[in-house]
Each structure stands twice: as structure tokens, then as C-alpha cells.
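Residue numbers (full-length UniProt numbering), protein chains in the order written: chain L, 1 to 255; chain Y, 1 to 255; chain G, 1 to 255. Inspection log for the structure reproduced underneath, given as C-alpha cells.
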């Protein structure tokens, strides 16, 4: 039996918003330590991982490991029916074919209970090797989202070049070209830890879907190393994260 | 000769907004006691009644009963040309083929006069029998609108069950099910007068069009009784109302 | 070599917004006195002129006259990538095939450089004769925009009648008719200088595209005289203007 309660629905809405453009359906793995999700995006190019520790919840009970196959469009529709400040309780019986979401308004004069049918989904658990990134960038999540959006106007490919003092995002297309440079500042809004400079090229449209997680965090962490997938990580307060992985373009002439 | 003046256009805009999704064209019956409108919706399933007493108006003159056939889309377009705080004067001559709307801004340095062609519409006046409702619910209009919108996601049918202490709205479909319960609260936001509990099923899409009247009133009144059309009433301050009537679904398996 | 710098991108955004609905591509003529643009709209009915004096810019250098052929859609896309309060520097080499726009955020920790390809455009410089207008109207730009929008609902043609005390805008169509009258007020929001009353008819859809310049100025100046194109002028602070010209409809039966 699984039961988890949050005093606010807002973060749950943001998490599902961060996932639903990249995944149609996915399996939530619940254990006594918390909730995990790992899946390739719909086109099997990028990988997304969600981790949320049990102590994030106001109440958390998971007597037996349970895998919940969810349709994220349906889940989004149910979450739209809740106010951000409603408390939410999620329940599933062992071997259940449905999940129950109960929303309570502050004064409790209103309760709304929703049941969603569960799906039987194939699961492929990919081992993600621990990676040493030669460049680790912390920057405002909103700035990263804006850059990804702006560069998409110019080209399908985005080149990210990180050096000791500066990270540069570039795109080059028929209309013209764009170069956006951020420096490490005294205000520490952008911090760069660089063992070795790296220049890599990525498909901009995946970067753009990753930025759906922007409302979750003030800062985003970017990890890069040669011949290794890019890491884009959004922390969920101190209780977990959403991580996106994307392999660099290998034969990109811009690179 | 008919002439009526309002010091603000805002309520008139709200009234027409409440009608225009449910009616394309309709006849306004003006007499010395006020304005009435009664019509079946475009698909002849629900009924809408507007009543606005003459003392609602700053100035009101109706020397002879007059029926004004209006295209509500055109009227909406004209009202969009007015600011909410413009004063409006509506005029029609006896046997006129047009109606005149004059808008004045506060300082009167701007006047805008619009003439709309009148339509010759067939009218069917239905006698609405006085009904004793076994359940009468008063609740915030915005809450009713939200429930109708949320349940539409799940099913075409909405079941409303009213008992002594609680009103429950339910919908049940392929995706899952939804149950929203409101209790009578000490703050008197929801009040229930129940002679006999009733459970009835309705087509959700009509309920949703009724909620276009939400901006008119803080509270909505709902009347229900077995085998009788549902009443959904939005008061217009103390001067009148818009009432919607909808027959229950008879052979609904959810019911 | 051409170089011009503005401490804010906002006015530049507004200027391009005022042009891009009426022109797809156009040539900017830069000289040491400032920037000029003159072009027929896409359908060759109306004429638009931009004039921006060199002292409008924080820094301005133009060692040799240069004509920059721009695609306004592309320029709009680049300007969308800038914040309104970013400083912008525009550069072009002599005989360049591209223009460079550099945006700097306030603290300078972010620089974004964009290059746009230039176009080779045919140019036709039309001599605009100095005209004495028998009616000159100054009115709030937002009011003029609202009137043009409202009248478009009724007819393709807008009749403007200006007399000593009053300017009247009218439209007459199948749905009905509209008459909007503005008087010269003590608050001087509307001022009328009338040597001779004029009534002229214009294609409303051009008037509506002119009002894209509304965010540039508090006031719009309108000049009218018999058998002469209408002038609609939006000042750009004290440093220049955008002027639109539109010939009256000659055989309009409403007129």
C-alpha cells in the first residue's frame, strides 16, 4: 500500500509540467526511500530522471515497492483541477489498477477525489554511469531557458563552449548568427568549474523541452565533458531533482 | 417609443456575455415594468430567461410594448466598442427596424452612436410552471463554474447528488472518475435547503455554458427536484436575474 | 563604417513593430544626420516614412552614407531576444553584407551578439510634396487606435469629417452604423486647427496598420485636405517621427 501527502499541490504541478512534454506515459517507482522515474523521451533521444526523497512529503508510507504506470496527459488534467495551495494525498493499493488523488482546500469545506486508471508499461532501466564532468556550470534557470528559446530562432543546433572565464552559446543559420556569452560574476549568479574547456553541439529542440522544468528551481546545473551526454539538472529544493541527459551531435559541421 | 439609460455599460456587457454562447439571436420584450427575454438555446435543449426590472435603469421609458429582435453576435461587437464605465442609452422607435446605442464617456468629450438592424424573429413563449424544488443550494458562482469545468474533463455527464449536509458533483469516464464534495460551512458560503435528497444526471456541456453568467453574481442558486428541470439562477443585483433550465438525463447509466 | 548605440532597446522594438505589419523588407538609409526609411506598403497603397536624428542615439558614427536592406521579420526575431532595458549597438561595415546587433545587460555580465544578413533591395525614392493641411488634429494616439479598431467591425471604409468644433469618424455597413464624435476639450486632449472643414473616406484596414505605431507616442497628429493623402504622424520623442500617408477613396458612395 502506497500513500503520500503534500501540503501543497504546486510543486507536483511543476514536476508533471517538466515531464509531460518529453514523456507521454511513464512509470513511477515508489519504494520506502521515495519516488523515482527514469525514461527515454518519446523519440528515444534524451533521457529524463526524477528523484524525490520520501522526506519531501508531509506523510509517506510505502509498505511494498509499487510501480505506477501513468498517462501524463491525464495526470495533468487532474492536477489542473486543483488549486496550487490545496493539500494532496496520493494513494494506491498493492497491485492496484488505479491511483487516487485527493485534494483538500485549506478550510476542508471542499474535497475533490480523482481516480486515474493505471497503465501497464514496459520498463527499461538504463544504468547511468557516474560521470566526471570537465565543465560544471551553475546559472539562473530562467537565463538558460531564455538562451535556448532565443537560439532556436537561428538554427536547430546549439553550440555550447565552456572555458575558464566564460560560457558561450551559439547558433548559426540562414537568417544570420547568434552568440550569447555569460561571464562568471562577483554576484555568483553564474559559476563555472572548468577542468578542461569543452565545445559541444546539441539539438536545440531537446534543450528547449528540458527548460520546461524552469519553474522548479532558481538555478540549473549543467555538466559537460567530451564524448559524454550533457547533463541538465534542476534541483527540487533539497529533496531531489529532475535530470535530463542528451548526447552531443557528432558530425555537426558547426562544431 | 423605448428609451433606457444605464450609467455604466459593464453589467450590460456581462448580461450579453451570459446569453451569447447559448443564443445566436433573440427577442427582447420591453414593457413599462422592464425587459424580459425567454428562449430555448440554439440546440433546443435548455431554456434561458432574463428579467431586468425598469428600476434597474437610471432612466427608463416605454410608452408602448416593443419586441426587439437582436443578433447577439452583432450586439457583442458593438458593446466591445464601449468602455465599461461609459454611460449607455438604448433607444428604439415604435415599429423600428433598428435599435440605437449611444455611449458617453465620463467627461462627455466623446460620444459614440451605434445603430443595429433589428431582426424579425419567431417567438415561442413557453409557460414555465412554478416549481417547488426539494433541494435548493446557494453556493459561490465561481466555485460552481470551476466544478463544471473540471468535471467536463472526465465525462459528458455530471451527476449532482444533494443531501442534508453535502452536495456532491461526480463524473465518470474512460480516463477515470471525479468526485467533488462541498459541505455547508459555518461561513455560509454554501447553504443547502433539503426537503428530500435528490440525485440527478445532466449534460455537462450545458452546465458549462450556463456558467458564462458567473461574472454577474457572487452567488448562484441551484434548484433540483425529481423529474423536473434543474434551475440555475444568477441574480442581477436586486433588480432581476438570468435563469437557466435543463432537463435531467433520464436513461443515464451513471445515475 | 556605421555604428549607433542606444541605452535601451525599447524604442527600437516599438519602431520595428510600427513598420513590420506594413513592410516585409525595407532599406534603412544611414547618413551622418541620422537614419531615414521611406517605402510603399506591401500592397503599394500607402506610404511610410521613418526619420530618426543622429542625436537620438547615445553614440552615432556614420563616416560614409550606407543603405541597409533589412528583412523586418528577421529583425523582429532578433529584437525579441533582447530585454527592453538592454543597451544595443548596431554596426555595419562599408559595403557590408551583414549588420551586427549587440545587446548588453545592465551589469554587462551578459552580452548577446547577432548578425543578420543584409538584402539587396530595389529602392524607389518618392518625393513627398510639402502639403498645407486644411485640418490638423492632435489627439491621444490610443483613442485614434481604438476608433480605427471599433469602426473596422462595421465597414471597410471609414469616413473622417473634421469641422471647427468636432471630428467625427463614421462607418456604415450591413450590420448597422457607427458614429464617433470627439470635441475639442478644455483639457486639450483633442485639438483641432481647421481652416476649412473636410470630409474624406479611407480604407480602414490601412488606418488600422498605422496604429501599430501607437506605443511610440502619447499623441498622434492627423493632417487632412481635399484631394490630398491623409497624414498620420507619430513623433518619436523630439528626435524624429513615423509618418504614414494614405490617399482618400475617390468613388466611395458613403462619402
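Don't be surprised by glycine CBs; every beta carbon is placed ideally from N, CA and C.
Check, Outcome
"Burial state of residue 197/Y, where buried means 16 or more other Cβ atoms lie within 10 Å", "exposed"
"Coarse secondary structure for residue 77/L, derived from DSSP in three states", "helix"
"Identity of the residues DSSP links to residue 223/Y by a beta bridge", "136/Y and 231/Y"
"Chain B residues whose Cβ lies nearer than 8 Å to that of residue 185/L", "No chain B appears in the structure shown, which is made up of the protein chains L, Y and G."
"Local Cβ density within 10 Å of residue 129/G, reported as buried at 16 or more and exposed below that", "exposed"
"CB contact check: residue 14/G to chain Y, cutoff 8 Å", "no"
"Residues that residue 112/Y contacts on chain G, provided the C-beta gap is smaller than 8 Å", "150, 178, 179, 180 and 181"
"Contact belief for residue 152/Y with residue 205/Y at Cβ below 8 Å, rounded distance in angstroms", "7 Å"
"Chain-ordered chain L contacts of residue 77/G [CB-CB under 8 Å]", "153 and 175"
"Proximity of residue 45/L and residue 39/L at Cβ, strictly below 8 Å", "no"
"Between the CA atoms of residue 124/L and residue 166/Y - distance to the nearest angstrom", "46 Å"
"Identity of the residue in 235/Y, 209/Y, 199/Y and 162/Y nearest residue 191/Y by Cα", "162/Y"
"Neighbour-count burial assignment, residue 287/Y, 16 or more Cβ in a 10 Å radius", "Outside the shown range of chain Y (1 to 255) lies residue 287/Y, about which nothing can therefore be said."
"Cβ pair count under 8 Å reaching 3, the stretch 23–36 of chain G against the stretch 61–70 of chain G", "yes"
"Rounded C-alpha distance that separates residue 115/G from residue 237/L", "39 Å"
"Residue burial classification, residue 1/G (beta-carbon count within 10 angstroms, cutoff 16)", "exposed"
"Proximity to residue 108/L [Cα-Cα], best of 55/L, 85/L and 174/L", "85/L"
"Separation of residue 68/L from residue 254/Y, as counted between CA atoms", "Annotation note: pLDDT 48 at residue 254/Y (below 50); position unreliable, no value reported."
"Short CB-CB distance (under 8 Å) between residue 116/Y and chain G", "yes"
"Distance between residue 249/Y and residue 199/Y (C-alpha atoms, nearest Å)", "11 Å"
"Where the beta strand (DSSP E) through residue 209/G begins and ends", "Taken as a continuous stretch (DSSP letters only), residue 209/G belongs to no beta strand (DSSP E), being part of the alpha helix (DSSP H) at 204–210."
"Residues within the stretch 155–167 of chain G neighbouring chain Y, beta-carbon criterion of under 9 Å", "none"
"Opposing strand residues paired with residue 240/G [DSSP bridges]", "52/G and 236/G"
"Other residues of its chain near residue 223/G: CB distance less than 6 Å, five sequence neighbours each side excluded", "133, 136 and 231"
"First through last residue of the alpha helix (DSSP H) which encompasses residue 143/L", "141–152"
"CB contact check: residue 98/Y to chain G, cutoff 8 Å", "yes"
"Cβ pair count under 8 Å reaching 3, the stretch 9–22 of chain G against the stretch 71–89 of chain G", "yes"
"Nearest neighbour of residue 188/G, chosen from 203/G, 102/G and 140/G [CA to CA]", "140/G"
"Residue-chain proximity (residue 170/Y, chain G), Cβ-Cβ < 8 Å", "no"
"Check whether residue 201/G and residue 228/G have beta carbons under 8 Å apart", "no"
"Spatially closest choice to residue 221/Y from 243/Y, 15/Y and 120/Y, by CA coordinates", "243/Y"
"Supposed close pair residue 89/L, residue 5/L - CB separation, criterion 8 Å", "5 Å"
"Three-state secondary structure assigned by DSSP to residue 17/Y", "helix"
"Identity of the residues DSSP links to residue 40/Y by a beta bridge", "47/Y"
"Neighbourhood of residue 154/G by C-beta distance below 8 Å, restricted to the same chain and skipping five residues each side", "171, 172, 173, 175, 176, 177 and 178"
"Cβ-based neighbour list, residue 138/L, same chain, cut-off 6 Å, excluding 5 preceding and 5 following", "191, 219 and 221"
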